[in-house]
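Everything in the sequence shown is counted per our numbering, starting at 3 for the first residue and increasing by one. Data block below; observations after.
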Amino acid sequence: MHPKALKCFLRRQHTEIGQRQRVLVTEESFDSQYYVAHNKFYEQVLVPKKPEFKGKMIEVDIYEAGKHYMKGRPVEDAQVFTASIAQPLQKGQVSGLPQMDMTDWRPRVQTSHSVCSLFYIRMRV
Numbered sequence: 003m004h005p006k007a008l009k010c011f012l013r014r015q016h017t018e019i020g021q022r023q024r025v026l027v028t029e030e031s032f033d034s035q036y037y038v039a040h041n042k043f044y045e046q047v048l049v050p051k052k053p054e055f056k057g058k059m060i061e062v063d064i065y066e067a068g069k070h071y072m073k074g075r076p077v078e079d080a081q082v083f084t085a086s087i088a089q090p091l092q093k094g095q096v097s098g099l100p101q102m103d104m105t106d107w108r109p110r111v112q113t114s115h116s117v118c119s120l121f122y123i124r125m126r127v
């Protein structure tokens, strides 16, 4: 590591620890031990994996800092609040797609239409 980069990293370690930050909890960490949250600078903050935190904004006290992450302890008396109106998606759920009821779908065979037009006809019905 370059000496200037090392000084910057060490300075960051000392200034971040002990700070109280508001973070948005967005996803599960790669090792599945924490939830990943981001502060207003989009820096990564690892927080305890509690289901009620997912998709919420919480306040944390930073107690550890590394090169590309920080670890935060939720403030006990702080409010946990939803950052948006929409509920967070479940794992594996795709956003932006309309939900379709496919229980009564039957293929319609028509010799005068292509496969694409058959799909289009079914979508419009």
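By construction, the Cβ of each residue, glycine as well, lies at the ideal position given by its N, Cα and C atoms.
Asked	Found
Straight-line Cα distance separating V96 from L120	Caution is warranted here: a pLDDT of 46 is assigned to L120, below 50, making its placement in the model unreliable, and no coordinate value can be reported.
Distance, F55 Cα to V47 Cα	13 Å
Distance, Q35 Cα to K42 Cα	23 Å
Among Q89, P76, V38, nearest to Q21 - alpha-carbon criterion	P76
Between the CA atoms of T28 and E66 - distance to the nearest angstrom	20 Å
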